[in-house]
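Presented below is the structure to which this report refers.
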């Protein structure tokens, strides 16, 4: 069971080509499919995605604002290095904002989103250590983005996606050292159920515990 991204983007008419390229490259960068420090060739990426260079270049400009790529004059564009020392700063912000998003989601999620949240919780409950850790991490991303969307605050969603992306890159750097990725992902089940049930206080509490345990799990393997 996995969450995957399409390699060819041109068939998605709901989004601009620039937005499609941005989302695709963002997820490759945060999952370290594009390795930290790796040079990024916009022409090669455009060919891989089946689109022109202009949308890719526009996407790369946005990704630089997200601190996922960095450009140097006459040298080119590169995936940013994963800086483990940023963990404390990123966690501090997430400890404040993730519970807020979870509480809002519990109060404001639409019936359709609550159904999707329950389906996601059910899927995660069947996972274990035999599952590919990178597939498990893709579910981690899915859970957080689902909660952010359900929180119904576009500004909060935008900020949290950025910080969750940075946290995910740190996690992926040590993924193979973590004893049980599945147990970390399993923490989402109770959180998702609390959101779906409309229990805002419990959702906020579980979101804080999840972010705290994430930071501790990283520190345990450093």
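Residue numbers (full-length UniProt numbering): 1 to 222. A virtual CB, placed ideally from N, CA and C, is assigned to each residue, including glycine.
Which one of the options has the shortest CA to CA distance from residue i?
i	options	result
residue 196	163, 126, 121	121
residue 194	102, 57, 42	102
residue 26	38, 63, 50, 56	63
residue 137	155, 165, 72, 23	165
residue 57	18, 156, 159	18
residue 170	95, 88, 73	88
residue 163	216, 141, 222	141
residue 31	167, 124, 129	167
residue 217	131, 49, 183	183
residue 222	85, 131, 143	85
residue 206	100, 44, 129	100
residue 202	61, 220, 161, 98	98
residue 191	154, 144, 72	144
residue 39	219, 72, 213	72
If I measure Cβ to Cβ from residue i and keep anything under 6 Å in the same chain, skipping five residues before and after, which residues do I get?
i	result
residue 133	175, 181
residue 105	147, 150, 151, 195
residue 110	none
residue 157	148
residue 94	163, 211
residue 198	106
residue 55	17, 18, 21
Is there a C-beta anywhere in chain B that falls below 8 Å from the one on residue i?
i	result
residue 31	No chain B is present in this structure, which holds just one protein chain.
Please return the same chain residues whose Cβ sits closer than 7 Å to the Cβ of residue i, not counting the five positions on each side in sequence.
i	result
residue 52	46
residue 82	36, 169, 170, 173
residue 200	103, 106, 107
residue 28	34
Output the distance between the C-alpha atoms of residue i and residue j, rounded to the nearest integer angstrom.
i	j	result
residue 15	residue 77	24 Å
residue 187	residue 79	30 Å
residue 204	residue 123	22 Å
residue 178	residue 210	15 Å
residue 75	residue 43	15 Å
residue 161	residue 21	17 Å
residue 154	residue 59	20 Å
residue 50	residue 61	19 Å
residue 219	residue 130	24 Å
residue 208	residue 24	29 Å
I need the DSSP call for residue i, collapsed to helix, strand or coil.
i	result
residue 39	strand
residue 69	strand
residue 76	strand
residue 140	helix
residue 199	coil
residue 16	coil
residue 91	helix
residue 31	coil
residue 85	helix
residue 220	helix
residue 52	coil
residue 130	coil
residue 105	helix
residue 151	coil
residue 179	coil
With a CB to CB cut of under 8 Å and the five nearest residues on each side skipped, what residues in its chain are close to residue i?
i	result
residue 127	1, 136, 139, 182, 185, 186
residue 215	87, 88, 91
residue 125	186, 189
Regarding residue i and the ligand GTP, is the C-beta to nearest heavy atom distance less than 7 Å?
i	result
residue 218	Among the components of this structure there are no ligands whatsoever, and the ligand GTP is therefore not found.
Three CB pairs or more closer than 8 Å across the stretch 103–119 and the stretch 65–77:
Touching, no.
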